[in-house]
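Numbering (this note's numbering), first residue to last: 5 to 105. Don't be surprised by glycine CBs; every beta carbon is placed ideally from N, CA and C. None of these values were measured; they are calculated from a predicted model. Inspection log for the structure reproduced underneath, given as structure tokens.
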Amino acid sequence: MRNWTSDAAFRISQFLFYYRLVVVMLFELFDSRLMLLIFPNTFEYFFIVVEVIRLRFDPSRVSARFWLITAAALWVFVKLPQGVLDSHRRRDMTDTIVENP
């Protein structure tokens, strides 16, 4: 992230990273899976999107509004449905591995 040229993308990713740290701390304190459903980890996907855009375009020419809409779209259309499915199943990868060695 040191060589990112878009200040807006950097600030949004920084917020998403610290936001996730706080959510994980709250999850550990309250042992509530609902915390992970309500506050999913959008940072990883946002980081990947920024890097993919950097392959072809100069991110500093992209507006802050674009980065904000991208983060919101990732949260609503990718991470929220994934969280709903995960909490509905109440399973994780470890359960699947144990059942299918």
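Is the distance from the Cβ of residue i to the Cβ of residue j below 8 Å?
i	j	result
V56	S17	no
A12	W71	yes
By Cβ distance, which residues of its chain are closer than 7 Å to residue i, with the 5 residues on each side in sequence left out?
i	result
R24	N45 and F47
D62	T9
A75	I16, L20, T46 and F50
V82	Y49
Measuring only the C-alpha atoms, how far is residue i from residue j?
i	j	result
F31	L41	10 Å
V27	F50	17 Å
M39	D99	21 Å
P85	I73	17 Å
L89	R37	12 Å
R65	N104	48 Å
Note down, in chain order, each residue of its chain lying with its Cβ closer than 6 Å to the Cβ of residue i, except the 5 sequence neighbours on either side.
i	result
W8	F14
G87	L41 and P44
Starting from the C-beta of residue i, find all residues in its chain whose C-beta is less than 8 Å away, skip the five residues before and the five after it, and write them out in chain order.
i	result
S67	A12
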